[in-house]
Every structure is written in structure tokens, then in C-alpha cells.
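Residue numbers (the working numbering): 48 to 303.
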Ligand code: PEP
């Protein structure tokens with residue numbers, strides 16, 4: 048069985064010094080869970096280099112929060128997957144903050160997903176509906192469009208390198224989280240979309256995470272929910288005790 052995957056999105060928090068102190072604290076609190084659970088830390092770009100020298104790779108892998116789709120060139124301010132190759136294993140692509148604040152569309156996101164895979168890294172493709180889309184009953188439709196577009200440049204030989212994160216936009220950073228049953232439903236529809244593109248085996252094997260205001264107490268519900276391969280955590284990943292607690296709970300549930 049595939050390991051559970053816990054991804055910490057630190058967003059635009061921590062200077063180089065603060066990130067180093069925080070990692071030091073996390074490394075003391077988080078046990079080595081690598082038999083059951085992969086734990087990925089995604090700090091800001093500026094801190095990746097120094098954290099890559101400090102991180103205990105028996106406990107953590109590193110990820111980036113974004114990248115550009117071209118490998119190099121005149122793209123002021125951007126960082127490519129080629130540049131990230133020696134530092135990270137994963138890259139978050141299409142996070143709702145990138146889609147909504149930075150206007151990233153499905154075409155750009157598909158190019159980024161392909162660039163990450165082309166560079167031998169694993170994209171974590173984020174998809175999810177807004178509050179209005181949920182209220183209008185359009186969740187399955189939106190997920191279909193985001194999944195099919197996001198994976199449109201991926202081949203069947205590459206699909207096993209991709210992770211999908213279901214993150215309802217209304218649940219991110221709001222303190223409101225989706226009911227585990229509704230998340231299961233949405234994740235089932237994501238797997239159906241993957242099945243229609245890449246076949247049943249790929250749809251069963253692809254790792255799909257839930258993300259949206261998970262802060263500890265309710266994590267267990269998602270960890271045992273059907274088809275949920277674990278969690279993408281924003282705000283709560285900045286609290287060492289809470290984050291370490293979620294990792295420990297995941298390991299405990301997977302060890303029985
Ligand atoms: C996220 O940033 O992907 C996220 C899920 O954030 P939060 O846990 O704070 O809702």
C-alpha cells in the first residue's frame with residue numbers, strides 16, 4: 048500500500064533565520080515516520096537552499112510552492128523546475144492562491160505540471176471549487192475541468208509521478224473545513240476523471256490529498272476516509288506541536 052503523504056505549505060512565512068529555527072524545532076518534535084508516512088515541507092523559495100542543508104532527510108522531504116514552466120530564459124522574477132531539481136522532490140502547482148490572486152489559468156497550470164515532471168520532480172496539482180461553485184452544485188464540473196486540463200500534457204507513463212490535492216477554495220485558511228464525507232465524494236470524482244484519461248489502475252494508484260483548514264482535531268477523520276491519501280496543511284503547519292501531532296496520528300493509524 049502507498050505511504051500516506053503529509054505536505055506542509057508554509058506559504059509566504061519565515062525569513063531565512065526564522066525558517067531555520069522553526070525547522071530545528073520541528074526536527075525535535077517529529078519522529079521518523081518514513082515506514083508509513085512521507086512528510087514534505089514546502090517553505091518559500093528563498094529559504095529552500097539553506098533548509099536543504101539543514102533538513103533531516105530521514106524525516107522530511109522538501110517541496111517548492113510554485114515554479115515557472117520554462118527551464119530557463121528571460122522570465123524576470125521566476126524560478127524553474129530545472130533550478131529546483133537539486134533541492135526538492137515535489138512542487139505544488141495551481142494552489143488556489145496562485146489561481147485566484149495571481150490569475151493562473153488551467154493552460155499555464157498544465158504547462159507547469161508538465162515542466163515539473165519533465166525535470167524529474169513530482170507535481171502536487173491543486174484543484175477545488177469556490178464557495179459559489181459549490182452552492183451552484185458545480186463541484187464535479189469544476190474538478191473535471193481542472194483535472195483534465197491540469198493533466199493534459201502528462202502521458203500514461205508519467206501519471207504515477209503526479210499527486211493531486213483536493214482543496215475546496217472556501218476551506219483554505221478560513222477555519223471552515225469540508226465534511227470528510229463530502230471530501231470523499233469529491234475525491235471519488237477526481238479519481239473518475241483520472242480513470243477516463245489514464246485507466247483504472249492509474250486512478251486507483253494516484254495519490255489524492257485533502258487540504259483546507261485542517262488543524263489537528265479533525266485530521267483523523269480524513270486520514271481514515273476512503274480514497275484520501277492524507278493531507279495538505281497550510282496554517283497548522285506553522286504550529287510545530289499541531290503539525291507534529293498530525294504526523295504522529297497518521298503514523299499511528301498506519302501502523303495498526
Ligand atoms: C493550503 O495552503 O493549501 C491550505 C490547505 O491552507 P490551510 O490549511 O491554512 O487552510
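Every residue, glycine too, gets a C-beta built ideally from N, C-alpha and C.
Rounded to the nearest angstrom, how far is the Cβ of residue 253 from that of residue 209, given a contact under 8 Å? 6 Å
When the Cα of residue 260 is compared with those of 273, 290, 249, which residue comes out closest? 290
Under the DSSP definition of a beta bridge, which residues are partnered with residue 55? 88, 280
Just to confirm the assignment, what range does the beta strand (DSSP E) spanning residue 138 have? 137 to 140
Let me know if residue 146 comes out buried or exposed under the rule of 16 or more other beta-carbons within 10 Å of its beta-carbon. buried
For the candidate residues 149, 150, 128, 151, whose alpha-carbon lies nearest to that of residue 167? 128
Residue 56 and residue 156 - do their beta-carbons sit closer together than 8 Å? no
Between residue 272 and residue 230, how many whole angstroms is the CB-CB distance? I'm expecting something under 8 Å. 7 Å
Alpha carbon to alpha carbon, what distance is there between residue 267 and residue 281? 17 Å
CB-CB length for residue 102 against residue 131, believed under 8 Å: With a Cβ gap of about 15 Å, residue 102 and residue 131 do not count as contacting.
Buried versus exposed call for residue 241 [16 or more other C-beta atoms within 10 Å across all chains shown]: buried
Counting only runs that start and end within the segment 158 to 239, where is the alpha helix (DSSP H) found for 4 or more residues in a row? 178 to 182, 186 to 197
Compute the distance between the beta-carbons of residue 198 and residue 53, then report whether it is under 8 Å. no
Using 7 Å as the cut-off, classify the Cβ of residue 113 as near or not near the heavy atoms of the ligand PEP, replying yes or no. no
For the alpha helix (DSSP H) that residue 269 lies in, which residues bound it at each end? 266 to 270
Can you tell me whether residue 294 is helix, strand or coil according to DSSP? helix
Along the alpha helix (DSSP H) that carries residue 261, what are the first and last residues, could you check? Unbroken run through residue 261: none, as it is neither H nor E.
First and last residue of the uninterrupted alpha helix (DSSP H) at residue 146: 143 to 147
Just list the residues that DSSP pairs residue 287 with in beta bridges. Note: residue 287 sits in no beta bridge, so no partner.
Using a Cβ-based criterion (distance less than 7 Å to any ligand heavy atom), does residue 135 qualify as near the ligand PEP? no
Alpha carbon to alpha carbon, how far is residue 49 from residue 297? 13 Å
Is the separation between the beta-carbon of residue 150 and that of residue 196 shorter than 8 Å? no
One or two residues paired with residue 110 in a DSSP bridge: 137
Residue 121 versus residue 89 - alpha carbon distance: 26 Å
Considering just the uninterrupted stretch of the alpha helix (DSSP H) at residue 303, what are its terminal residues? That residue, residue 303, is in no alpha helix (DSSP H); it is neither H nor E in DSSP.
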